[in-house]
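All residue numbers for the sequence shown refer to our numbering, where the first residue is 56 and numbers rise by one.
Data first, discussion second: the structure below is written as structure tokens.
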Amino acid sequence: MRVAHFDCFSGISGNMVLGALLDAGVPLEPIQSAIDSLHLPIHLEVREVQRCGFRAVHVEIRADEQPPQHRYVEDIEQLIFQAAITPSQRELALRILRRLALAESHVHGTPVSRVHLHEVGALDSIADILGAAVGLDLLGVQKFTSRPVPTGRGTVQTAHGWMPVPTPGTLALLQGVPLAPSDVEFELTTPTGAAILTTVVHEYTYTPAMRIDRVAHGAGSKNFLDRPNILRLWIGETITSQTGDSYEGDFIAVLETHVDDITPEVLAYCQERLMECGALDVFITQGIMKKGRAGFRITVLANSISVQTLEEIIFRETGTLGIRKYWCERTKLIRKYIQHEISHSALRFSQAYLPDGSLVSKPEYEECARLARAWNVPLRQVLLHCYSRIAEASPPLSPASQTVVSDLRIGQNKET
56 MRVAHFDCFS
66 GISGNMVLGA
76 LLDAGVPLEP
86 IQSAIDSLHL
96 PIHLEVREVQ
106 RCGFRAVHVE
116 IRADEQPPQH
126 RYVEDIEQLI
136 FQAAITPSQR
146 ELALRILRRL
156 ALAESHVHGT
166 PVSRVHLHEV
176 GALDSIADIL
186 GAAVGLDLLG
196 VQKFTSRPVP
206 TGRGTVQTAH
216 GWMPVPTPGT
226 LALLQGVPLA
236 PSDVEFELTT
246 PTGAAILTTV
256 VHEYTYTPAM
266 RIDRVAHGAG
276 SKNFLDRPNI
286 LRLWIGETIT
296 SQTGDSYEGD
306 FIAVLETHVD
316 DITPEVLAYC
326 QERLMECGAL
336 DVFITQGIMK
346 KGRAGFRITV
356 LANSISVQTL
366 EEIIFRETGT
376 LGIRKYWCER
386 TKLIRKYIQH
396 EISHSALRFS
406 QAYLPDGSLV
416 SKPEYEECAR
426 LARAWNVPLR
436 QVLLHCYSRI
446 AEASPPLSPA
456 SQTVVSDLRI
466 GQNKET
């Protein structure tokens, strides 16, 4: 699978994305042609620059509109509908725009249809959104990942006056996204950059499991003295699970709350709803809470795109007044799914390899339960068939493994 990773150690903005895409080999002509088809006074100036001694591509958007217009979201959508781009590029551009509009609608308390985006309505932001959509589509990537996002700190002047960094719009866009600490007194991540990133990225990790074919560099406009202000875009292929290279890492959110005034029926229903709406896992721990009350700790594991939805379910279904949330790094085996035939029925198994090459495989529970119901036999009988099939398909034990098994048998004989 073709993958790309945003190594945004210095944040991300619309023109940094455009620069990285052009440096990755996406031609300028289709991006400029798409922007020209808007019939607006926008032109891209592309040049190589140095950022703390490192080469990068900088895109400067020349937009001269007199007088400047404040466009509503619907106006910008009409422009995108009229642009000379492919359906997939149009769909991506509209998704980026709508994500940005929803964030602004939330922070200003205005319906999306009446959101009148000062910064987003500006020509350079329209060019960033459309240009990024065209470039990302032409990149031909099936999956995007990103490292945790630094936002910078300090203040920045906006159409609403001086605001803290990250601005409210950027912060709304980054809900559920792991953030990285930053000591830079500057707006490293802009609303447009955050909208592009969070529209296409579904996994956050420092180092994805991939074979890198190319690294592209997009330059930010600010030239810091102590660090390169660039966005690195890693492009390559996913790697298969091999001996010594079986792990991959990502970030997941852990949501927790304690409740002592909930019935078991409501608790079970809440757990069911959480799993239906994207939770990676939900587990419930019973304990004694304050004032000697019996209570429960609800713990939910979630990826970044599900956090907000799952928090809403917890609040709504349990009546809790607060949820603790923290991000943790997860190491996992690279897995794949295969099918085995069990008594003339195809069953799905998960399969992975440990670094020493040994196989880890297990049948999927729902598949086994389905067969147990269909055959009207105990679930454990289906599981025995499945593990027998795994044993048949597994490679023979290594000499070291045979020694361990032999030692175990000797120990068992001594005990008996």
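Backbone N, C-alpha and C fix where the C-beta goes; we use that ideal spot for every residue, glycine too.
Keep in mind the model is a prediction, meaning the values are calculated, not measured.
Ranked by how close their Cα comes to the Cα of GLU372, the residues LEU243, ILE140, ASP91, ILE353 have ILE353 in first place.
Between the segment 144-159 and the segment 225-233 there are three or more C-beta pairs closer than 8 angstroms, enough to call the two in contact. DSSP, read as helix, strand or coil, puts HIS94 in coil. Burial check for GLN144: the Cβ neighbour count within 10 Å reaches 16 or more, so the residue is buried. Around CYS441, the same chain offers ILE397, LEU402, PRO418, CYS423 as residues with beta carbons nearer than 7 angstroms, after the five sequence neighbours per side are excluded. Assignment of beta-bridge partners to VAL432 by DSSP yields no partner. For GLY412, the closest C-alpha among the options ARG428, ILE389, ILE393 is that of ILE389. Looking from the CA of ILE251, the closest CA among ASN278, ILE151, LEU286, ALA79 belongs to ILE151. Note on GLY186: 16 or more other CB atoms within 10 angstroms of its CB, so buried under the neighbour-count rule.
Per DSSP, reduced to three states, the secondary structure at THR222 is coil, with no helix or strand assignment. GLY248 and ARG169 have their C-alpha atoms spaced approximately 23 angstroms apart. Judged by DSSP secondary structure, VAL162 falls within the alpha helix (DSSP H) whose first and last residues are 142-163. If you keep only unbroken beta strand (DSSP E) runs of at least 3 residues inside the segment 243-282, you get 256-259, 265-274. Between the alpha carbons of LEU95 and GLU258 lies a distance of about 35 angstroms. Positions of the beta strand (DSSP E) runs, each at least 3 residues long and wholly inside the segment 343-430, are given as 349-357, 379-388, 390-397, 400-408, 414-418 in order along the chain. Taken atom to atom, the span from the alpha-carbon of ALA177 to that of ARG126 is near 8 angstroms. One alpha carbon belongs to SER201, the other to TRP430, and they sit about 46 angstroms apart.
MET265 is classed as buried because its beta carbon has at least 16 other beta carbons within 10 Å across all chains shown. Here ALA334 is near SER361, since their CB atoms are less than 8 angstroms apart. Comparing alpha-carbon positions, the option among LEU329, ASP268, VAL437 lying closest to PHE370 turns out to be LEU329. Cβ neighbours of PRO203 within its own chain (closer than 7 angstroms, five residues either side excluded): PRO233, LEU234, ALA235, TYR259, PHE306. Of VAL321, ARG287, ARG379, LEU365, the smallest CA-CA separation from ALA111 is found for ARG287.
Following the DSSP letters along the chain, one finds GLN212 inside the beta strand (DSSP E) bounded by residues 210-213. A direct Cα-to-Cα measurement between LEU414 and GLN406 gives close to 7 angstroms. Assigned with DSSP and collapsed to three states, HIS440 falls in helix. Straight through space, the alpha carbons of PHE199 and VAL255 are spaced by roughly 6 angstroms.
DSSP, reduced to helix, strand and coil, places GLY190 within a helical segment of the structure shown. Residue state for GLU320 is assigned as helix, using DSSP reduced to three classes. Within the same chain, Cβ atoms closer than 7 angstroms to the Cβ of MET344 are found at HIS313, ASP315, GLY350, the five residues on either side in sequence being excluded.
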